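Enquirer:
2 protein chains.
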Amino acid sequence: MKFQNQERKEWRKFCGYTICHLIFSHPIYLHYNQDSSKKKKNTSKMSNDETPIRFGIIGCAEIARKISRAINLSPNSTLYALASRSIEKAHNFAIKNNLFSDSLKIYGNYSEILDDPFVDAVYMPLPTTFHLHWAILAAEKKKHLLLEKPTALNVEELDKILDACDKNGVQFMDASMWYHHPRTGKMKEMIVDSKLFGQVKAIHSSSSYAPGQEFLENNIRVKPDLDALGALGDAGWYCIGAILWAMNQTLPTTVTALPNVARNSAGVILTCSASLYWEKEETVATFYCSFIAHETMDLRVYGSNGTCYLYDFILPFGEDSASFNFTSGAKFVDLHIGWNLKPQVVEVTSQLPQEGYMIQEFASLVKAIKFSRSKPESKWPHTSRITQLVLDAVNKSIDTGFQPVHM
Amino acid sequence: MKFQNQERKEWRKFCGYTICHLIFSHPIYLHYNQDSSKKKKNTSKMSNDETPIRFGIIGCAEIARKISRAINLSPNSTLYALASRSIEKAHNFAIKNNLFSDSLKIYGNYSEILDDPFVDAVYMPLPTTFHLHWAILAAEKKKHLLLEKPTALNVEELDKILDACDKNGVQFMDASMWYHHPRTGKMKEMIVDSKLFGQVKAIHSSSSYAPGQEFLENNIRVKPDLDALGALGDAGWYCIGAILWAMNQTLPTTVTALPNVARNSAGVILTCSASLYWEKEETVATFYCSFIAHETMDLRVYGSNGTCYLYDFILPFGEDSASFNFTSGAKFVDLHIGWNLKPQVVEVTSQLPQEGYMIQEFASLVKAIKFSRSKPESKWPHTSRITQLVLDAVNKSIDTGFQPVHM
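Residue numbers (my numbering), protein chains in the order written: chain G, 1 to 407; chain W, 1 to 407.
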């Protein structure tokens, strides 16, 4: 827990108060819906560079625990408000996760947090079904939007969300954290080096975990009215994203689902696979995503001159540093009794957890819009959109008996 | 080069002479086609357990260098004869690879070596086109057969070879070395442990190397009249074999090629991919094989409780020991900010190079047939046959526009 000390420090620095649980051993109830003038006043004294972006969290999902911590770790953001469907739930979430402060606002519904003029940006970990309504409303209320993945039930819905963001000049980003880890940047740097890596020829990715039988029937992620995309939307989103990342966000020529589709009794996907093909580049990619296989997070990129791979691309094994393996110029020695070299382990240290880097990046874009009249960064909506497009194609291929879907 | 000292020792032990290059700095010409009575006499004094199996090598391919070394390293075999299309070629091969001895027989054609009654077994690294003729002839001459992969141009040809082996009571084995490495056995032991690994849910494999433009047009491996199966037969053979190995040699329900097929100007496959699907087990496998991608030899087996993977499954990075990674019971820690464990590196040391283990296993089966009237081991022809069946299915799927082929 490298970030514990930093957590405290950053918390003090950006929120201007002391965390109660450091002083008291018993839970302290926080004041919610309180006047934000103190915070506002403090903020107004700061230069634009020092002013943290005020986040509101809409929906107290498990993942919001991690993101609220990241918001407070990130040097340019602060957790300002929290909303759940009931005030008690939001309240308990704040207590349980030591988020209480004299300035944190707690809302018992999603509308009010969007009406709060001091909320700059919202993080929205709601079930996918609710994204369309609440994401559009957030954009219309001029809240910059960090939306959990999968971004929408299909690209038509996502386009409506992106349209709303565009019209209202707010930043859109989906909450895929791994893009923001410095390791990802280092991998990219090495993969695009044509001498070191050459052209991308093939990619394989997996994202799986096995949460057990109860999950497979009852969890939000497998409920057709909440997260109808199941394992494809949850775990497959990362695989598709990683493949597109390796292909510089260019759409494949065709997408074809593989026949290993498993569904629960409600018809929600628990496992699936697909292949993607780029005709011009003659590049192929495959992925496997599942709720019924052991924890994996593989990404393997095969180049003409090199290979890059790691097993924890979505969530690094630990927070302090993360690594990947890279091989370039490998040959078999004389007599073919071994290799001339072993994969090189490239270690990248972190100053923040990857979700902290994500928040920092997002807040930085929001700041540029807010204070420097910059336009929203189009890279992030584009990244989400082509991921969603491929995801839709996988679904379509499954529905048409594993026929290739031309993009 | 751990095996250098051992090489000398074993050589002395089994061949009963001193290697000339250890004494003389200049090449010494060997006597070929000489009388084998000395060897025979020596052999006849030995008990059955001590009698080495006498190997003949048919075809002085590059790979024969490695196998001749392995034959002499293996404790139950000896290199007895060598044949090429010309006696000079065989001669030069023996000199270049320090194989000369007072007992090594050199033949200038393939027929004569098969007529030599003292040859127990032959290793045949001929181009695939020639397997049908020479492998059948070898079997008819009662020579046990270690045949290079791909075993045949198609399963119909292979069946004729296997039939001939069966009728003549000789052992058949294809020369896929990696099955025989103790690492492979250790992996299997861990994968079949249902508590540790669970059920196999998905598999991914790759085999690629990038030997350059000259190879892609002119090498034997891409000549339609010599090795018409190209990268599928050469590199893909291993991927298919590894996938079937993980699935306990059961045939998939369907095989579907993926669209990334590249061919050279003669129409020989340089790159391809496929997916395999086991309906009952709901298991999927994918592989990528290529002559135009960087060196890879990946095998990744995803179980319901564990994961097993390695990057050098065909040819270990080094000879002294080899490793694989194994993870079982991995979970994400609270807040999903890391994993509870990292993959375990399982290291397996070797007494022989893997091709030495292969020769040892093969010679041991031959000995059992020769001295104990055992029947040939059916596991190895079965392994080759289903590999060839899947390879044929990949080819058929490619030829039919990537349609699934039902097995």
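Here a beta-carbon is modelled for each residue, glycine too, at the ideal position from N, C-alpha and C.
Computed from a prediction, not measured in an experiment: that's the story for all the values here.
(1) Check whether the Cβ atoms of Gly338/G and Glu319/W sit closer than 8 angstroms, and answer yes or no.
(2) I'd like the ranges of any beta strand (DSSP E) spanning at least 3 consecutive residues and lying wholly in the stretch 257-315 of chain G.
(3) Fully enclosed by the stretch 82-124 of chain W, which alpha helix (DSSP H) runs are 4 residues long or longer?
(4) Going by other Cβ atoms of all chains shown within 10 Å of its Cβ, with 16 needed for buried, is Val192/G buried or exposed?
(5) In three-state DSSP terms, what is Val192/W?
(6) Relative to the alpha-carbon of Trp410/W, which residue among Phe291/W, Ala262/W, Thr256/W, Ser265/W has its alpha-carbon at the smallest distance?
(7) With a cut-off of 8 angstroms, do at least 3 Cβ pairs link the stretch 300-311 of chain G to the stretch 290-297 of chain W?
(8) Report the start-end ranges of each beta strand (DSSP E) in the stretch 179-230 of chain W that is 3 residues or longer and not cut off at the edges.
(9) Can you look up Thr327/W in the DSSP assignment and give me helix, strand or coil?
(10) With 8 angstroms as the threshold, decide whether the Cβ of Glu319/G is near any Cβ in chain W.
(11) Around the Cβ of Asp174/W, are there at least 16 other Cβ atoms within 10 angstroms (buried) or fewer (exposed)?
(12) For Ile398/G and Ile369/G, what's the separation of their Cα atoms in angstroms?
(13) With DSSP run on the structure shown, which of helix, strand or coil describes Val333/W?
(14) Quick check: what's the CA-CA separation for Leu114/W versus Lys143/W?
(15) If I'm right that Arg54/W touches Asp120/W with Cβ under 8 angstroms, what's the distance once you round it to whole angstroms?
(16) Mapping DSSP to helix, strand and coil, what is Val378/W?
(17) Using the Cβ count rule (16 or more neighbours within 10 Å means buried), how would you classify Glu355/G?
(18) Quick one: give me the first and last residue of the alpha helix (DSSP H) that Arg408/G is part of.
(19) From the beta carbon of Pro381/W, is the nearest beta carbon of chain G less than 8 angstroms away?
(20) Who are the near neighbours of Ala152/G in its chain, counting only those whose CB is closer than 7 angstroms to its CB and skipping five residues on each side?
(21) Given 8 angstroms as the limit, is there contact between the stretch 260-267 of chain G and the stretch 250-266 of chain W, that is, 3 or more CB pairs closer than that?
(22) If we define contact as Cβ-Cβ less than 8 angstroms, is Lys66/G a contact residue for chain W?
(23) How many Å lie between Phe24/W and Lys96/W at the Cα?
(24) Compare the C-beta of Ile23/G against all C-beta atoms of chain W and say whether one is closer than 8 angstroms.
(25) Whose Cβ in chain W lies nearer than 7 angstroms to the Cβ of Ser290/G?
(26) Taking 8 angstroms as the CB-CB limit, is Leu454/G close to chain W?
(27) With 16 as the cutoff for other CB atoms within 10 Å, does Lys167/G come out buried or exposed?
(28) Using 10 angstroms around the beta-carbon of His406/W, count the other beta-carbons present and answer buried if the total reaches 16, otherwise exposed.
(29) Specify whether the stretch 370-388 of chain W and the stretch 94-112 of chain W touch according to this definition: at least 3 beta carbon pairs, one from each stretch, less than 8 angstroms apart.
(30) Of the choices Ala242/G, Arg221/G, Met297/G, Gly236/G, whose alpha-carbon is the least far from that of Val268/G?
(31) Name the DSSP bridge partner or partners of Gln344/G?
(32) So, does the CB of Phe93/G fall closer than 8 angstroms to a CB anywhere in chain W?
(33) So, does the stretch 332-347 of chain W touch the stretch 360-368 of chain W, judging by three or more C-beta pairs under 8 angstroms?
(34) Output, in sequence order along the chain, the residues in the stretch 295-316 of chain W whose CB is closer than 8 angstroms to any CB in chain G.
(35) Please confirm whether Ala175/G has its beta-carbon closer than 8 angstroms to some beta-carbon of chain W.
(36) I'd like to confirm the pairing. Which residues does DSSP put opposite Thr128/W in its beta bridges?
Expert: By the coordinates alone:
(1) As a working note, residue 338/G is residue 338 in the first sequence. As a working note, residue 319/W is residue 319 in the second sequence. Yes; because the gap between Cβ atoms is below 8 angstroms, this pair is in contact.
(2) 269-278, 283-290, 296-303, 306-310
(3) 87-96, 110-115
(4) Taking the first sequence and counting its residues from 1, one reaches residue 192/G at position 192. It counts as exposed.
(5) For the purposes of this step, residue 192/W is identified with residue 192 of the second sequence, where counting begins at 1. Val192/W falls in the coil class under three-state DSSP.
(6) Residue 410/W lies beyond the range of chain W shown here (1 to 407); nothing can be said about it.
(7) yes
(8) Within the stretch 179-230 of chain W, the complete beta strand (DSSP E) runs of at least 3 residues are 200-208.
(9) One-based indexing of the second sequence puts residue 327/W at position 327. If DSSP states are grouped into helix, strand and coil, Thr327/W belongs with the strands.
(10) The residue you call residue 319/G lines up with position 319 of the first sequence. Yes, Glu319/G lies at the interface with chain W (some Cβ there is under 8 angstroms from its Cβ).
(11) Against the second sequence, residue 174/W aligns to sequence position 174. Asp174/W is buried by the Cβ-count criterion.
(12) Taking the first sequence and counting its residues from 1, one reaches residue 398/G at position 398. Taking the first sequence and counting its residues from 1, one reaches residue 369/G at position 369. Using only the alpha carbons, I get a separation of about 41 angstroms.
(13) For this step, residue 333/W is matched to residue 333 along the second sequence. DSSP places Val333/W in the coil class of the three-state scheme, outside both helix and strand.
(14) Locating residue 114/W in the second sequence gives position 114, counting from the first residue. Locating residue 143/W in the second sequence gives position 143, counting from the first residue. Taking the straight line joining both Cα atoms gives about 7 angstroms.
(15) The residue given as residue 54/W occupies position 54 in the second sequence. The residue given as residue 120/W occupies position 120 in the second sequence. Confirmed, Cβ separation roughly 5 angstroms.
(16) Here residue 378/W refers to the residue found at position 378 of the second sequence. The sequence as given places Ser at residue 378/W; Val does not occur at that position. Here Ser378/W sits in coil by DSSP.
(17) In the first sequence, residue 355/G corresponds to position 355, counting from 1. Glu355/G should be labelled buried.
(18) This structure gives no information on residue 408/G, because the portion of chain G shown stretches from 1 to 407.
(19) Here residue 381/W corresponds to residue number 381 of the second sequence, with the count starting at 1. Not an interface residue.
(20) Translated into positions along the first sequence, residue 152/G becomes position 152. Cβ within range, chain order: Thr128, His131, Leu132, Leu158, Ile161, Gln388.
(21) no
(22) Taking the first residue of the first sequence as 1, we reach residue 66/G at position 66. It does: the Cβ of Lys66/G has a partner Cβ on chain W nearer than 8 angstroms.
(23) In the second sequence, the residue the question calls residue 24/W occupies position 24. In the second sequence, the residue the question calls residue 96/W occupies position 96. Interpretation of Phe24/W is limited by its pLDDT of 27, a score under 50 that renders its predicted location unreliable; no figure is taken from the coordinates.
(24) Here residue 23/G corresponds to residue number 23 of the first sequence, with the count starting at 1. Confidence is the limiting factor: at Ile23/G the pLDDT is only 26, short of 50, which leaves the residue's position unreliable and the question unanswerable from this model.
(25) Counting from one through the first sequence, the residue named residue 290/G turns up at place 290. Going along chain W in sequence order, the residues near Ser290/G (Cβ under 7 angstroms) are Lys201.
(26) This structure does not reach residue 454/G, given that chain G is present from 1 up to 407, and the question cannot be answered.
(27) Position 167 of the first sequence, counted from the start, is the residue given in the question as residue 167/G. Under this definition Lys167/G is an exposed residue.
(28) On the second sequence, position 406 is the one that residue 406/W refers to. Exposed, by the Cβ-count rule.
(29) Under the 8 angstroms Cβ criterion, the stretch 370-388 of chain W does not count as touching the stretch 94-112 of chain W, having fewer than three qualifying pairs.
(30) Taking the first sequence and counting its residues from 1, one reaches residue 268/G at position 268. Looking at the Cα atoms, Arg221/G is the closest of the given residues.
(31) In the first sequence, residue 344/G corresponds to position 344, counting from 1. The partner list for Gln344/G (beta bridge, DSSP) reads Phe326/G.
(32) In the first sequence, counting from the first residue as 1, residue 93/G sits at position 93. False, the Cβ-Cβ gap to chain W never drops below 8 angstroms.
(33) Because the criterion of three Cβ pairs below 8 angstroms is not met, the stretch 332-347 of chain W and the stretch 360-368 of chain W do not touch.
(34) Per Cβ criterion, the list reads Glu295, Thr296, Asp298, Arg300, Tyr302, Gly303, Ser304, Asn305, Gly306, Thr307, Tyr309, Tyr311, Asp312, Leu315, Pro316.
(35) Taking the first sequence and counting its residues from 1, the one referred to as residue 175/G is at position 175. No - not a single Cβ of chain W is within 8 angstroms of the one on Ala175/G.
(36) Translated into the one-based positions of the second sequence, residue 128/W becomes position 128. Note: Thr128/W sits in no beta bridge, so no partner.
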